[in-house]
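> The opening residue of the sequence shown carries number 1165 in my numbering; numbering runs sequentially from there.
Just so it is clear, CB atoms sit at the ideal spot from N, CA and C, and this is done for glycine as well.
My questions will all concern the structure given below.
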Amino acid sequence: MISDTVKFLLNDKILEINNPNPNQTILNYVRTEIKKTGTKEGCAEGGCGACTVVLGELVNGEVKYSAINSCISFVPSLNGKQLLIVEDLVSNDGKLHPVQDAMVKFHGSQCGFCTPGFVMSLFSMFKNNKSYDGELIKDSISGNLCRCTGYRPIIDAAKSLNKVDKKDEFSKNKNKIIKLLKKIKTKNIYINNEDKKFFSPKTIKDLKNIIKKNSNLSFLAGGTDLSLTVTKERKEISCIVNLKEIRELDFIRVNKNYIEVGATTSLIEFENEIKKYYPDFYSVLKRYGSVQIRSVGTIGGNIATASPIGDTLPILLSLNAEVLIEGINKRKLVPINNFFIGYRKTKLKKNEFIRSIKIPLFKKNIFKAFKISKRFDDDISSICGSFNFEIINNKIKKAYIAYGGMAAVPKRARACEEILKNKLLTINTFIKAKDYLEKDFMPIGDMRASKEYRLEVAKNLLIKCFVEINTKKLTRVI
Ligand SMILES: Cc1cc2nc3c(=O)[nH]c(=O)nc-3n(C[C@H](O)[C@H](O)[C@H](O)COP(=O)(O)OP(=O)(O)OC[C@H]3O[C@@H](n4cnc5c(N)ncnc54)[C@H](O)[C@@H]3O)c2cc1C
Ligand code: FES
Ligand code: FES
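Here it is as structure tokens:
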């Protein structure tokens, strides 16, 4: 069944938008058409959190809440979901929601511009968890910037939520919301608004039919990269094909040799699974963007951008992952080491999409990864280094080393790997090997780091890796 109408809940009311502009952002829609202006625009690129809204979605029969950046999400992606904006948090009886109340009591707001965004991020945290420790609180607000408060009062407000009654009007209305969400979540969306199209198929079969019949299409996953074409470059996207509603692309399967991740699996779902196998992969993901970015951003989208500073890319290179590519008639498994072919270019041919990523489980190897960025949270890497060593009897049998931010593509350090092979695990081995990084990379300087800094840090990460292996201690800020 097909519809050109986007149906969603605005709090507990069904709203329908017939044939919306597929390039309109949720932020723009909320402010100009719903005419609620609590949700603010700061940066229009997902970096400040002023535009944070919460989406409710049915997952295994329960409503799961996710804070997202409405400035970089398109209106049709609301289909089948509940949209919660800051104005909805005031209870019917006029009392403040516990999150708002805590912000008032602990002086979490000064000029107030960032406050609606913080409230929505904390609301999502409040609804999805039973208790709130420092780590969870900091993670939950890592995508919200405040110029006035210095954050401490906001963190204190969040901590105080441990002591309040968890019941709110949303828990009271839960059954009603579940019923309404079930009622509206059914159809494939096909929009044709003037010269712009938007397709949201539910199966790969439907996706392939759309691919066959349309040209010049752009696949949309989390949109944390693609949407910036509209909000920053001020261009239009003529034909968007949303992959996010296709269940077959959203999964995590584990067997004894590898973990396979569907391309549209959100980074936030993936981080909790990968933690069990590669804790350093998890640590890097925790510093990837913010909760808002990781709630929608996908592993397939990260790989498809082929960004030289994409965080998962060097890690997947050093883990010898494989990318399952699908076209209309065939599938192929490509080693990720052959996937990036130039600056922001991949092996993907026109109309091919990533179906999944297979990540081998090196159970006996030592794996380490480091992200270096100017700011600890919510910042893009200057350099990312990833190291995977097979060590037997204190000898390095195999080394798989990859860096991001050191070349036009994320890349393996082949010369460095070769010199480490069959050498004893000693500091001298690593001191010698680090100079081979000069053969592997000729980095450029840009606003994030100079070329000299990049090379020096890349070398230092290799030494840091040895120190951590040798001392069995972590030497890093966590
Ligand atoms: C505020 C902010 C912070 C960020 N921080 C980080 C960070 O710390 N680290 C980092 O690495 N990146 C970061 N990014 C970049 C961005 O999050 C990533 O590039 C993201 O992973 C893209 O995934 P997505 O699902 O949002 O992709 P989208 O934006 O939906 O798509 C990106 C590109 O991939 C294509 N694509 C998507 N899925 C597929 C598929 N299955 N098959 C084929 N093509 C596909 C799309 O057509 C598009 O060209 C940040 C972005 C923002 C806005
Ligand atoms: S306006 Fe800054 S994150 Fe959306
Ligand atoms: S209270 Fe002014 S920016 Fe946060």
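Quick check: what's the CA-CA separation for Phe1531 versus Ala1266?
Distance between the alpha carbons of Phe1531 and Ala1266: 42 Å.
> Taking contact to mean 3 or more Cβ pairs, one atom from each stretch, closer than 8 Å, check whether the region 1451-1459 and the region 1547-1560 are in contact.
Contact between the region 1451-1459 and the region 1547-1560 is absent, because fewer than three Cβ pairs lie under 8 Å.
> Return helix, strand or coil for Phe1277, following the three-state DSSP convention.
Of the three classes helix, strand and coil, the one that applies to Phe1277 here is coil, per DSSP.
> Does DSSP classify Arg1618 as helix, strand or coil?
DSSP places Arg1618 in helix when its eight states are reduced to three.
> According to DSSP, is Pro1574 part of a helix, a strand, or is it coil?
Coil, per DSSP.
> What does the alpha-carbon distance come out to for the pair Ser1614 and Leu1222?
For Ser1614 and Leu1222, the distance between alpha carbons rounds to 46 Å.
> Just verifying my parser: in three-state terms, what is the DSSP assignment at Gln1264?
Note: Gln1264 maps to helix in three-state DSSP.
> Are there any heavy atoms of ligand 2 lying less than 7 Å away from the beta-carbon of Ala1231, as far as the coordinates show?
No, the Cβ of Ala1231 stays beyond 7 Å of every heavy atom of ligand 2.
> Helix, strand or coil: how does DSSP classify Pro1499 here?
Reduced to three states, the DSSP call for Pro1499 is strand.
> With a threshold of 8 Å, are at least 3 pairs of Cβ atoms found where one atom belongs to the region 1362-1369 and the other to the region 1399-1419?
With a cut-off of 8 Å, the region 1399-1419 and the region 1362-1369 count as touching, because enough Cβ pairs lie within range.
> Taking 8 Å as the cut-off, does the region 1589-1603 touch the region 1510-1529 (at least 3 CB pairs, one atom from each stretch)?
Segments in contact, no.
> Starting from the Cα of Pro1634, find the closest Cα among Leu1248, Arg1316, Gly1272 and Ile1560 and give me that residue.
Looking at the sequence itself, residue 1634 is Asn, so the reference to Pro does not match. Of Leu1248, Arg1316, Gly1272 and Ile1560, the residue nearest in Cα terms is Ile1560.
> Only counting runs of 4 or more residues, tell me where the alpha helix (DSSP H) segments fall wholly within the region 1550-1606, in order along the chain.
1578-1584, 1591-1599 and 1601-1604, all fully within the region 1550-1606.
> Strictly closer than 7 Å from CB to any heavy atom of ligand 3: give me those residues in the order they appear in the chain.
This selection yields Ser1273, Gln1274, Cys1275, Gly1276, Phe1277, Cys1278, Thr1279, Cys1310, Arg1311, Cys1312 and Thr1313.
> Less than 8 Å between the CB atoms is what I'm expecting for Asn1187 and Val1328, so what's the real figure, rounded?
At roughly 41 Å, the Cβ-Cβ gap does not stay under 8 Å, so Asn1187 and Val1328 are not in contact.
> Please determine whether the Cβ atom of Gly1220 lies at a distance below 7 Å from any heavy atom of ligand 1.
Result no, Cβ not under 7 Å from ligand 1.
> By alpha-carbon positions, which one of Asn1421, Ser1537 and Lys1575 ends up nearest to Tyr1617?
Looking at the Cα atoms, Ser1537 is the closest of the given residues.
> Tell whether a beta-carbon distance below 8 Å holds between Ile1342 and Val1227.
Contact flag set, yes.
> According to DSSP, Pro1524 sits in a beta bridge with which residue or residues?
Note: Pro1524 sits in a beta bridge opposite Tyr1422.
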